[in-house]
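Colleague:
Chains as they are written, first to last, in my numbering: chain A, 1 to 390; chain B, 1 to 171.
1. 8 angstroms is my cut-off, CB to CB: does residue 84 (chain B) come that close to chain A?
2. Kindly provide the ranges of any alpha helix (DSSP H) runs that are 4 or more residues long and lie completely inside the region 224-285 of chain A, ordered along the chain.
3. Between residue 64 (chain B) and residue 97 (chain B), how many whole angstroms is the CB-CB distance? I'm expecting something under 8 angstroms.
4. What in chain B is Cβ-close to residue 144 (chain A), meaning under 7 angstroms?
5. Please name the residue, chosen from B:147, B:144, B:36, B:11, that lies closest to residue 143 (chain A) on a Cα-to-Cα basis.
6. Give the residues of chain A in contact with residue 29 (chain B), contact being defined as C-beta atoms less than 8 angstroms apart.
7. Can at least three beta-carbon pairs, one atom from the region 81-95 of chain B and one from the region 313-327 of chain A, be found at a separation below 8 angstroms?
8. If I follow the unbroken alpha helix (DSSP H) through residue 49 (chain A), where does it start and stop?
9. Which residues bound the alpha helix (DSSP H) around residue 73 (chain A)?
10. Measuring straight from C-alpha to C-alpha, what distance separates residue 308 (chain A) and residue 337 (chain A)?
11. Determine the direct distance from the alpha carbon of residue 299 (chain A) to that of residue 229 (chain A), and round the result to whole angstroms.
12. Write down the C-beta distance between residue 149 (chain B) and residue 14 (chain B) rounded to the nearest angstrom, noting that I regard them as a contact closer than 8 angstroms.
13. Measuring straight from C-alpha to C-alpha, what distance separates residue 203 (chain A) and residue 215 (chain A)?
14. So residue 65 (chain B) contacts chain A; which residues on that side make the cut at Cβ distance below 9 angstroms?
15. Kindly list the residues whose CB is nearer than 6 angstroms to the CB of residue 164 (chain B), restricted to its own chain and excluding five residues on each side of it in sequence; keep chain order.
16. Residues in the same chain with beta-carbon distance under 7 angstroms from residue 147 (chain B), minus the five sequence neighbours each way, listed in chain order, please.
17. With distance defined between alpha-carbon atoms, name the residue in A:246, A:369, A:371, A:362 nearest to residue 42 (chain B).
18. Check residue 310 (chain A) in the structure and name its three-state DSSP category.
19. For the alpha helix (DSSP H) containing residue 27 (chain A), list its first residue and its last residue.
20. For residue 356 (chain A), I'd like the list of residues in its chain whose CB is within less than 8 angstroms of its CB, leaving aside the five on either flank, ordered along the chain.
21. For residue 361 (chain A), report the span of its beta strand (DSSP E) as first-last.
22. By Cβ distance below 7 angstroms, which residues in the same chain neighbour residue 175 (chain A) in space, the five residues on each side in sequence not counted?
23. Where in the region 167-215 of chain A do unbroken runs of the alpha helix (DSSP H), each at least 4 residues long, occur, reported from the N-terminal end onward?
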């Protein structure tokens, strides 16, 4: 099968959606499918994957509590048109087609077997109701919609009045299961945190606020923080007496992340909101580390209300401290979470998730059908090519 | 004032554009329903033939055989309104057999395929139902009825398949 994937966000900036597309592409390549990915890229030379096509330099706009690097405009539209026309795709899989970027462009100029995946979860916003009339005729063309979680599905239902099939994000469960612990990081009573900690919604502040209470109960506790950001700045908010217990590792790659998760005794996710799925939690579970997470909707749903990890009350530092102390002290509890979690994580392996997505592709596609440009867009591109020929 | 002379053809053009645009939208929704139904139908046919294969096994008792054959033939022949009932009874019979672990162990390939089909059916049904509701919702809008934008296309029928029994079958 020839599959076209579109990322709305810049390929050379790390992010959940991009990682999802990359892993999915590799998974299908291994299965013998043909893959082409279209994505914005700030620096084309930084793209290592030969199946990725750059659509141009993205623009940075603030969106949903973070800065999104997206791409739109007439030049981008003509790039998308060329890519779709020349791709001869059996299926076109658009990620985040409701975001003003490449996926939306592709959705409006192509027709046929189109599948869309909705990643984001957003609270009810008045502005979306204003733009819904413009989005609706475009989104309507998708033969099938996938939401990565029940929360993303609910977001879609509220804002665009359409239902979706829920297929979770995928991980390489084996990769995390088989990783080796790093002796420098593994010691008893180590709490691990990964994320862009300078963003308030990642909740590092709450964790730092909880630290004095934890240190009082467990003096040997240690906190390892990985992720891009200025560690010194964050450190300034911490009581100097506690600073020796905290270590910032900076940004780490996937291998280091896997061994990080293998090394620490507890993984903590104090995010205060804006999450739709929580892929890091599935990775943590796959590596067998017990989890303490805030009870925001995405995490409660993923951990099935605390069945697969301890939940604490969102933004409540003292509750977080209590839960962390409990899990660090109670070895039996930690082991049972670890065992349950690694079993549960298999459900998110690409072997399973990839099959489910392929299943949706097959449903979206009529016999021998191909993705084509809309007739209006076709005449545009004909006009273009004729212009070039002359 | 010359303005109204200018505006009248503009409005007419706009109305024509809007009507074509709306009709295209509906046409696309009809296409979506047709595709989803064709795919769903193909899987249901596959399941019916799998069910008939089951009846050839010496282990299945005559009563189950009778039910299976009856349900499978019904599911294959019935027109769409009767179809969902026939398919539901087929699901029920298959569910009964699926619970016999010794039978499943004896024919692992067949039951594995049955499980796969069940998985695909679930997605197929939800996509189809979604497409049908979208098309019907659009058709019920005033402008579509006044200008008969649906043309002669038949009203998409919701395929009422018991999703619950399929979920049960997974266990």
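Ideal Cβ placement from N, Cα and C applies to all residues, glycine included.
Modeller: The short version:
1. no
2. 231-235, 254-263
3. 7 angstroms
4. 127
5. B:36
6. 140
7. no
8. Unbroken run through residue 49 (chain A): none, as it is neither H nor E.
9. Residue 73 (chain A) -> no alpha helix (DSSP H), and no H or E assigned at all.
10. 6 angstroms
11. 24 angstroms
12. About 16 angstroms; that fails the 8 angstroms criterion.
13. 19 angstroms
14. The premise fails here: residue 65 (chain B) is roughly 31 angstroms from chain A at the closest Cβ pair, so nothing lies under 9 angstroms.
15. Residue confidence is low: residue 164 (chain B) scores 48 on pLDDT, short of 50, so the model does not pin down where it sits. Its coordinate-derived value is still stated next. For residue 164 (chain B), where only same-chain residues beyond five positions count, there are no Cβ hits under 6 angstroms.
16. 19
17. A:362
18. strand
19. 16-30
20. 167
21. Per DSSP, residue 361 (chain A) belongs to no beta strand (DSSP E); it is in the alpha helix (DSSP H), 350-364.
22. 258
23. 173-177
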